[in-house]
Amino acid sequence: MTTASLPRLLLGLDDHPISQLDEHLDVHGPLPSLRKRDRQQLIALIEDAGLRGHGGASFPAARKMRAVTSRRGPSIVVANGCEGEPASMKDGTLLREVPHLVLDGAAVAARAVGARAAIVALPDHDDRTAHALQAAVRDRQRAGIRDDPSFEVARLEPHYLAGQESALVSALGGGPGKPSFTPPRPFERGVRGRPTLVQNVETLAHVALIARHGADWFRQLGTPSDPGSTLVTVSGAVASPGVFEIEHGMWLSELLDSVGLDDRLAAVLVGGYFGTWLTASEVPRVRLASESLSAYGATLGAGVVVALGAGACPVAESTRIAEFFAAQSAGQCGPCVNGLHAVAQTVQQLAAGTADRTARSDLDRWTSQLPRRGACQHPDGAVRFIRSSLRAFEAEFRDHARRGPCERCSSPPVLPTPARRRR
Amino acid sequence: MQLRVNPISCVGHGLCAELLPEWIELDDWGYPILNGTDLPPDLLQHARRAANSCPTLALLLDSEGG
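Taken in sequence, the protein lines are chains X and B. Going by my numbering, the first sequence wraps up at 805, each residue one higher than the last. Going by my numbering, the second sequence wraps up at 69, each residue one higher than the last.
Rendered as structure tokens:
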């Protein structure tokens, strides 16, 4: 058994991506033959490792696989690299830097659920990643890897909900790429009508390593609830932003120290835009694992960590994200369309100092009524962020409501909000 | 038995809240908010009628929560 050390996923990367199959095999060794592996044994291995999904929802990976194997007929694997989170870069990085690790993981997952085909889905604007991946697929075909499923690379229109499972299934079937009302869920009836395993590309890269080194090796790092390592995308008021691999359970302050703060810290957004703000006074007590984060209502989500410096206005940042949420609604469900629009408008009025006296009670009512009332969890995630913002920046919101915009409101945006393309 | 709304089909007619006010209220825009727990037996008949009356068939009566 290899020793517990980092990096795992990013092993062997220094100045260039590991795009050649030979080089990949030099770094990680060959994938053990899958043909002789029993499907249920493979799933049990993932379960013993305690691997959770790295796309945002942290769902146990083995349970998803088992759901697919409970269905009849040929299934299909989708490696989800859509990465709709504007502040996340880890999935694209992984696909570009270590494409074979993701493809290995997809091959293991395909074997586990009995799929002959695997589709890697990524945003269509990302030529560099698509080319890296297509080259890796050709490389494997030339090498004639017997255990590989037939790989396809699908390039999809990017938007915040592109990676939502039912939206992804819809887009891969040539549909509008919007969430659908479930059931049927993708594991019941997904791409091409087949039982479909949708798994984030980082999750699959971990699967590739678990298949090589075992569950005990995987658990040598991390915490009981969150074993192993994880990729995080760190941005905001830091000297060296980027994608890093850390051990689950690392102190948040240690991570921030390692990238260097370049402003006095006001708060940290953890998880993604569906995530939670931790105030500067909370940060020293937080470890990046669910055991610690749950006390603050937070999760590591897609691994997004954004440091907000004292020079930025948290009210202006929250307002922009509230507007982003309203704009990114798929526009299908009444509560989401109306609720997120009203929330964004009212937050904007609070920020501008033009809100009426019912604004706070309106926001409380709407944000408590919205969860679980859409076809997908967009409204749930959006109100979670809004409630977290109102809590973490209560004094700043009160100040804006009374006096209007502050000097920092015109500071450059910290949280990116890509313009929505016409759909 | 539980009631569920297909939020994509629902356009907020609000008929369900009229027929089953014990279990369904409307939000500020007229979209239903359901009590998500198991229906008591004495409401089953009314719930069935509400589901059948929905103009877009968005109200569903499920044996399990889905």
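Backbone N, C-alpha and C define an ideal beta-carbon position, used for all residues, glycine too.
Closer than 7 Å to chain B by CB, residue i
i: Met383/X; result: Caution is warranted here: a pLDDT of 49 is assigned to Met383/X, below 50, making its placement in the model unreliable, and no coordinate value can be reported.
i: Arg805/X; result: Legend: pLDDT at Arg805/X = 41, less than 50; position of this residue unreliable, value from coordinates given subsequently. Not an interface residue.
i: Asn720/X; result: yes
i: Phe563/X; result: yes
i: Pro558/X; result: no
i: Gly716/X; result: yes
Same chain, Cβ closer than 6 Å to residue i, neighbours up to 5 away in sequence not counted
i: Leu651/X; result: Gly657, Trp659, Val688
i: Ala774/X; result: Ala649, Trp659, Thr661
i: Gly763/X; result: Phe656
i: Phe706/X; result: Thr799
i: His329/X; result: The structure shown does not extend to residue 329/X, since chain X is modelled only from 383 through 805, so no value can be given for it.
i: Gly683/X; result: Gly438, Gly653, Gly654, Gly657
i: Glu673/X; result: Thr605, Ser607
i: Met383/X; result: Any reading at Met383/X must be qualified, since the residue scores a pLDDT of 49, below 50, and its modelled position is unreliable; the value itself is stated next. Within the same chain, Met383/X has close Cβ partners Trp599.
i: Arg498/X; result: Pro531
i: Arg805/X; result: Note that Arg805/X has pLDDT 41, beneath the 50 cutoff, so the model's placement of it is unreliable and the number below is only indicative. Result list for Arg805/X: empty, nothing under 6 Å.
i: Ala444/X; result: Ile425, Ile428, Glu429
i: His406/X; result: Ile400, His482
i: His398/X; result: none
i: Asn38/B; result: Trp26
heavy atom of the ligand COA below 6 Å from residue i C-beta
i: Leu47/B; result: No copy of the ligand COA occurs in the structure displayed, which carries no ligand at all.
Residues that residue i contacts on chain B, provided the C-beta gap is smaller than 9 Å
i: Gln755/X; result: The question names Gln, but residue 755/X in the sequence shown is Arg. Those within 9 Å of Arg755/X in chain B are Val8, Pro10, Asp30, Tyr34, Pro35, Ile36, Leu37.
i: Pro566/X; result: What Pro566/X touches in chain B: nothing, since even the nearest Cβ is about 11 Å away.
i: Gln516/X; result: The contacting residues do not exist; Gln516/X stays about 35 Å from chain B at best.
C-beta neighbour in chain X for residue i, strict 7 Å
i: Gly15/B; result: yes
Contacts of residue i in chain B (Cβ-Cβ under 8 Å)
i: Gln759/X; result: In chain order: nothing, as chain B lies at least about 12 Å away.
i: Gln751/X; result: Asp30, Ile36
Own chain, CB closer than 7 Å to residue i, minus 5 neighbours either side, in chain order
i: Pro761/X; result: Pro717, Cys718, Gly721, Leu722, Leu752, Pro753, Arg755
i: Ala597/X; result: Leu427, Asp430, Ala431
i: Gly642/X; result: Val620, Ala621, Ser622
i: Gly394/X; result: Ile400, Val409
i: Leu424/X; result: Val490, Arg493, Ala494
i: Leu732/X; result: Ala741, Phe779, His782, Ala783
i: Arg453/X; result: Phe569, Glu570, Pro577
i: Asn9/B; result: Ala61, Leu63
i: Ser711/X; result: Cys718, Val719, Leu722, His760
i: Thr511/X; result: Gly474, Leu477, Arg478, Leu504
i: Ser457/X; result: Val450, Val495, Gly496, Ala497, Arg576, Pro577, Thr578, Leu579
i: Ser617/X; result: Ala469, Pro623, Val688
Contacting residues, own chain, Cβ-Cβ under 8 Å from residue i (five flanking each side not counted)
i: Ala50/B; result: Met4, Leu6, Leu23, Trp26, Leu42, Leu64
i: Trp32/B; result: Gly15
i: His507/X; result: Pro540
i: Gly455/X; result: Arg576, Pro577
Going along the segment 22 to 48 of chain B in order, which residues come within less than 7 Å of chain X, judged by CB to CB distance? Asp30, Trp32, Tyr34, Ile36
Chain B contacts from the segment 696 to 714 of chain X (Cβ-Cβ distance under 8 Å): Gln714
For the segment 423 to 473 of chain X, list the alpha helix (DSSP H) runs that are entirely contained and at least 4 residues long, ordered along the chain. 443 to 451
Runs of 3 residues minimum, wholly inside the segment 494 to 525 of chain X: which ones carry the beta strand (DSSP E) assignment? 497 to 505
If we require 4 or more residues per run, which alpha helix (DSSP H) segments fall completely within the segment 656 to 719 of chain X? 672 to 675, 696 to 710
Ignoring anything shorter than 4 residues or poking outside the segment 619 to 651 of chain X, list the alpha helix (DSSP H) runs there in chain order. 634 to 641
For the segment 745 to 781 of chain X, list the alpha helix (DSSP H) runs that are entirely contained and at least 4 residues long, ordered along the chain. 760 to 774
Unbroken stretches of the alpha helix (DSSP H), 4 residues or longer, contained in the segment 39 to 68 of chain B: 47 to 56
Runs of 3 residues minimum, wholly inside the segment 519 to 575 of chain X: which ones carry the beta strand (DSSP E) assignment? 532 to 538
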